[in-house]
Structure formats: C-alpha cells, structure tokens
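Notes follow once the structure below has been shown.
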Amino acid sequence: MLIILFLIFIFIIIYLNTLKIKENDKVPKDILTRPANKLLNYNKETILLCYFRDYIYLCDWINSNFKDIKLLIYDNDEQVFDKKNTYYISLRYIPLLPNSLPELNLDKKYRDKLPMHWSITPRINSGGKVGFINLEHLTNKYNLDYNEKYLLPDIDVYDYSLDNIKIFGRGIYIPYKNNFIESIQLKSLININKKFDISFVGTPSDRRSKILYKLIELGYKVDIIDTFGKDRDTRIGASKLLLNIHLEDEWIIYEALRCERWRFVGMPILSEKCISPLPDGIIECEYDKIIDKVKEILPL
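All residue numbers for the sequence shown refer to our numbering, where the first residue is 51 and numbers rise by one.
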C-alpha cells in the first residue's frame, strides 16, 4: 500500500512539472494584489453576486478563484440584497447603493434613465462596505465612463487586469488562479487526436469574422465555438491552436479569462497584441499579421 501511495505521489509531482503553470508575476510593486480567497472582508460574511446569465461563461473562473467564497446567483426578480453584517461583492455590475443616486430610490420608473447595465444590477442595502469586480475592457470608452461616473469612492474595486487598474487609477488586482484539478482535466483534453487546426471562442464581430473566414478560405479547419463548459473545452482541446482576437479595435486588454486556464496547461495560443506584453507562453502579433503568423505556426 505504501508503495502504491509513493508511486501516486511521484506521478503527481511529474505531472505538475508538465503543466506549465507559471502565473503572471509581472505585477508593479505599487499595485495591491490579493488572491481571490483573501479579499477584503471586514470580518463579515462575504457573498459574491453573479447575474444568472453571466454564470454560464464565468463559472470556470469563479470556481478556480472563489471556491471558498459563498456564491449567490440572482435574476431580474431578485436584485435587492439587505442581509446585515455581510460584505457583498458584485461581479461585472456596479452595485446600486441607497446613496448612489438618491433620486432613484429603487423606483422602477427611473430605470429608463439608467445605463444599460443597471437594468440588471444588484441593489445592496446591507449598511456596510460593498465590493465590485470589473471584468470589462476599460480601453472601451463606454465601460470607462460607466466606472468613472457610478463607482462611489467607498466601493472596493477589484479587477482581473493590471492594465484596467492603471487606466482607471484604482483597484485591487486579482490574478487568475491556477486550478490544479482543472489543469489535469484540460491537459487530458489537449492530449488527443486533433480534429481542427484552429479554435476560436468569443462573441462574433466583423473584425473577428474577417480573420476567421479568411483562414477557412485558405483551407484551415477552424472551429468557431459558441458553447460553454465541457463541450467548449473538448472542442478547444481537439484543435492545434487557440486563437484570440479582440472584439473591436479599442478592446485591447488581455482576455485572461479566456486564455489563462489554457496557457497554464501548455495549449498553443496565438493572440492579437494587447496594450501590454502578454504572459510567457503566448504568441502575439498585430491584427493585420494574424494570417501570416498562423501560416508560420501551422503551415498548410
């Protein structure tokens, strides 16, 4: 029995060494970094709020980074949270507090005057500190204006991107945490026979489609994935290269939620250049060089 346990231990050590689990350590000393399991909590119960339509594509990131924090998934009919002695943290949407816009008074008739986000944003009346996790590109003017206008000074701000924090001038950095169990699962998916040359995951846009359909025209087998969970991961694993293209010209923040979990396990990734250099292990190039770079990586 001891021999079996020893062999299992050796196997795990060897396997870990194959996972390429280097996390991004290029964090400026003047930016506060906190692992997701050590968020500010003020000695209160911490509850993470996630809109139900977002959970389907955020669940992997949430499970890897917030597994020790209570998660509450809400819908349009359950948007008011008032449990006392609780530290609520809202994902994606800036929480509306009683002192955010007093004239609103949580009255539905004012909803038309709110930004698009606030039609589904959580209303928090717990009487204490609250937090907000930004997951948007702040190089986009609408997203930056939204944060600058509605993020009250007493709301704790967290962000997945160092570049967002530099742009906004405020925020606590939450690096993507490598999930050991997930890494083993993903590693097993990329060690299979390949059905596709390239996989792409993301919302369709003209600039993305232009590249993807040009690659198809050239003869590459491209899997454009619009599903989530196991089906998405299986399809990515069945491709030789994961391609990351920004949605629009001004969306130039590194898409860590899409790429990091695959970077950790050594999946070949080609990404359009971002505002800052990308983490080790990712190939990057300008938008107009993507086709040529694919040809270099995967000659026909």
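Where a beta carbon is used, it is the ideal one built from N, C-alpha and C, also for glycine.
Item: Identity of the residue in L320, I332, Y304, K339 nearest I215 by Cα; Value: Y304
Item: Residues sharing a beta bridge with Y124, DSSP; Value: Y101
Item: Simplified DSSP state of I234, which is helix, strand or coil; Value: helix
Item: Residue of H187, K264, L202, I183 minimising C-alpha distance to Y208; Value: I183
Item: Bounding residues of the alpha helix (DSSP H) (the contiguous stretch that carries V344); Value: 340 to 347
Item: T284 - containing alpha helix (DSSP H), residue span; Value: 279 to 287
Item: CB of V344 within 8 Å of CB of I266, strictly; Value: no
Item: Segment limits, beta strand (DSSP E) that includes D273; Value: 272 to 275
Item: Of the listed residues K120, P145, K117, G177, nearest to K133 (C-alpha basis); Value: G177
Item: Environment of P91 [buried if 16+ CB atoms lie within 10 Å]; Value: Just to set this straight, residue 91 is Asn in the shown sequence, not Pro. Under this definition N91 is an exposed residue.
Item: Per-residue DSSP class, three states only, for L156; Value: In this prediction, L156 has a pLDDT of 45, which is less than 50 and means its spatial position is unreliable; nothing more can be read from the coordinates.
Item: Coarse secondary structure for K94, derived from DSSP in three states; Value: coil
Item: For K245, the three-state DSSP class (helix, strand or coil); Value: coil
Item: Buried or exposed (CB count within 10 angstroms, at least 16 for buried), L89; Value: buried
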